[in-house]
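For reference, the structure discussed in these notes is given below.
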Amino acid sequence: MIGIEEGYTISLRSNDNGISHYCCSHCSYSTPYKGNLKSHLVTHSTVRPYVCEVCNKTFNQKGTLKRHFRLHSGERPYKCGVCQRTFAQSYALTYHKKAHSHMT
Ligand SMILES: [Zn+2]
Ligand SMILES: [Zn+2]
Ligand SMILES: [Zn+2]
């Protein structure tokens, strides 16, 4: 347990349909599921429990560490459907695809 609830207030508000929402006190995020708010609060937390074992960079979310780790592992799961080139990061593929759209 990393104590993500410390310093955060979880307020319960009802919308027009009478459905209660857990509201983040740091931004406009709200969700009917307490578990979702808990994982959302990690994005505001300075706790970064996920450490890259290669370069010791720290991350506050497991998914972020996973994406980062691909830089080291050489895994390239994003593939361009036009020229079959592969990319490690989704934004790199998005950027690459723009190059195709400029070609005529
Ligand atoms: Zn928030
Ligand atoms: Zn790393
Ligand atoms: Zn391509």
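Numbering (the working numbering), first residue to last: 4 to 107. Built from N, CA and C at the ideal position, the CB exists for glycine as well.
Rounded to whole angstroms, what's the CA-CA distance from residue i to residue j? Just pull it up for me.
i    : j   : result
V85  : G21 : 48 Å
K65  : R51 : 9 Å
Q92  : F72 : 10 Å
G77  : R70 : 11 Å
C30  : Y94 : 25 Å
A24  : H43 : For the record, residue 24 in the displayed sequence is His; it is not Ala. The straight-line gap from Cα to Cα measures roughly 14 Å.
K101 : R79 : 19 Å
H105 : Q87 : 17 Å
K37  : V45 : 13 Å
P35  : C27 : 11 Å
S33  : N39 : 9 Å
Among residues of its own chain, excluding the 5 on either side of residue i, which ones have a beta-carbon nearer than 7 Å to its beta-carbon?
i   : result
L96 : Y81, C83 and F90
N59 : none
H2  : No information on residue 2 is available, as it lies outside the stretch 4 to 107 that the chain covers here.
Spatial neighbours of residue i within its chain, please: C-beta separation below 6 Å, excluding the five flanking residues on both sides.
i    : result
Y53  : F62, K65 and L68
H103 : V85
H75  : V57
Open item on the list: To test your reading of the DSSP string, which unbroken alpha helix (DSSP H) runs of 4 or more residues are found completely within the stretch 16-96?
Closed with: Runs of the alpha helix (DSSP H) lying entirely within the stretch 16-96, each at least 4 residues long, are 37-44 and 65-76 in chain order.
Open item on the list: Which residues end up in the neighbourhood of ligand 3 when you take C-beta atoms closer than 6 Å to any of its heavy atoms?
Closed with: Listed along the chain, these residues meet the criterion: C83, V85, C86, R88, H99 and H103.
- [ ] For ligand 1, enumerate in chain order all residues having a CB closer than 5 Å to any of its heavy atoms.
- [x] Counting every residue whose Cβ lies closer than 5 Å to a heavy atom of ligand 1, we get C27, H29, C30 and Y32.
Task: Heavy atoms of ligand 2 versus C-beta positions, residues under 6 Å - done: For ligand 2, the selected residues are C55, V57, C58, K60, H71 and H75.
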